[in-house]
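Quick note on my numbering: the sequence shown kicks off at 1 and runs consecutively. Presented below is the structure to which this report refers.
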Amino acid sequence: MKKNKNGFSVIIAMGLVLITTLLAFTILEFIIPFSRDIKGIENSTKAYYQANNGIELGLYHFSTRGDSSLREEDGKNYINNTYDFMYRTYSSGTIVPLLGRGNSNIDNSWNTISITDPIQLIIGFSFVDDSNVDELSIDFRVPDFDSDGLFLQTLDGGVNTPIINWQLLSDDDTLNSLNNSVDIFTAPIINGGSVTLNTLTGKKVSDGVNQTFGNFFTANNCDNVSNKCILKFSIVNNITSGGTIIPFIEWRLNAGTNIIPLRYSNIESSGKSYGFTKSLEIKVPQETVSQAFDFTVFQ
């Protein structure tokens, strides 16, 4: 009888051990994936901060290089075999914006201009040579809002309604576009495609004398390495297409053989941590615009 009791106790003990083991395995099935998720979140966060390090170094690079420098930068930092980041800055090109790096959410090879977001581009500091100023041209267009790929939409307006005003500002003088059907951007001119800037005529602020874009550029030494000349475009009327007000239009500037600053410098950064990667990208205006002083004077 005693042997039977001992045998029964052994069976109960084995059963308890089996139940405990099964329970432990069941718990581990929940804990192990959870711990892996926690580790993944941790490494994903580390990868983000690594990428952010690259963004910060790119911003520091922009703040220290000066306006007259288009020096771009590649950077890479190895902390160890499992953590690192790399970044690249893009600051210049013969076409503004660079293909695939514009700020339009309709076509990222174009930038946008709106009433509250004018264009300012640095073309001084010898970025554009006197002999090549005639190569500067700009295109404006209505974005493909209906996504049909045809770009059939056009701006509303006649030859007497200005849409976009332009200005060329040097250290000593300013050339404002004339308010006429030829030298300011009306709907027919915008709908007509690319416009060469060299022959546009404006009026100088200093003495009220008319002068072409190209002659003003030369006379004010905009090709001098010490002269910061700025080209500006501002929308001065509501923009409509098919009777509907639209929020913005797209633009692209062709500088020919000249290499000029982009409207927005790009910083692209990628961080890595144990196989997890995070990529970040920001756009930094090359020349900021103060809306408080963003006004247009028609001559």
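The beta carbon of each residue, even a glycine, is placed where N, CA and C say it ideally should be.
Please state the DSSP three-state secondary structure of Y274.
It is coil, neither helix nor strand.
Between D173 and K228, how many whole angstroms is the CB-CB distance? I'm expecting something under 8 Å.
Contact doesn't hold; Cβ gap of about 13 Å is too wide.
Taking C-beta to C-beta, are V96 and L253 nearer than 7 Å?
Yes, the pair counts as a contact, with Cβ atoms nearer than the cut-off.
Could you tell me if F125 is buried or exposed, where buried requires 16 or more neighbouring beta carbons within 10 angstroms of its beta carbon?
Looking at its Cβ environment, which holds 16 or more other Cβ atoms inside 10 Å, F125 is buried.
Tell me whether T201 sits in a helix, a strand or coil according to DSSP, three-state version.
T201: strand per DSSP, three-state reduction.
What's the C-alpha gap between Y78 and N52?
Note that Y78 scores 49 on pLDDT, short of 50, meaning its location in the model is unreliable; the coordinates nonetheless yield the value given after this. One C-alpha to the other measures close to 15 Å.
Sort out for me which residues DSSP pairs W166 with in a bridge.
Note: W166 sits in a beta bridge opposite F233.
What separation, rounded to the nearest whole angstrom, lies between the Cα atoms of G54 and T212?
Rounded to the nearest angstrom, the two C-alpha atoms are 44 Å apart.
Residues in the same chain with beta-carbon distance under 6 Å from T244, minus the five sequence neighbours each way, listed in chain order, please.
Within the same chain, T244 has no close Cβ partners at all.
Do you know offhand how far S177's Cα is from S147's?
If I take the Cα positions, the gap works out to 34 Å.
By the three-class DSSP mapping on this structure, what secondary structure does I119 have?
Note: I119 maps to strand in three-state DSSP.
Return the first residue and the last residue of the beta strand (DSSP E) that T154 is part of.
Counting along the chain, T154 falls outside any beta strand (DSSP E), and DSSP gives it neither H nor E.
On the DSSP letters alone, give me the boundaries of the beta strand (DSSP E) that I189 sits inside.
No beta strand (DSSP E) contains I189, which is instead part of the alpha helix (DSSP H) from A187 to N191.
Which first and last residues belong to the alpha helix (DSSP H) in which T218 is found?
It spans F213 to A219 - the alpha helix (DSSP H) in which T218 sits, taken as one unbroken run.
Tell me whether L280 sits in a helix, a strand or coil according to DSSP, three-state version.
Reduced to three states, the DSSP call for L280 is strand.
Rounding to the nearest angstrom, what Cα-Cα distance links I265 and D156 in this structure?
Strictly speaking, residue 265 in this sequence is Ser, with Ile absent from that position. Rounded to the nearest angstrom, the two C-alpha atoms are 32 Å apart.
Helix, strand or coil: how does DSSP classify D84 here?
D84: strand per DSSP, three-state reduction.
Under the assumption that S92 contacts Q153 (Cβ atoms under 8 Å), give the Cβ distance between them as a whole number of angstroms.
So it is not a contact: roughly 31 Å between Cβ atoms.
Beta-carbon within less than 8 Å of A219's beta-carbon, same chain only, minus the 5 sequence neighbours each way: which residues are those?
If we look at A219 and ignore the five residues flanking it on each side, its Cβ neighbours are Q211.
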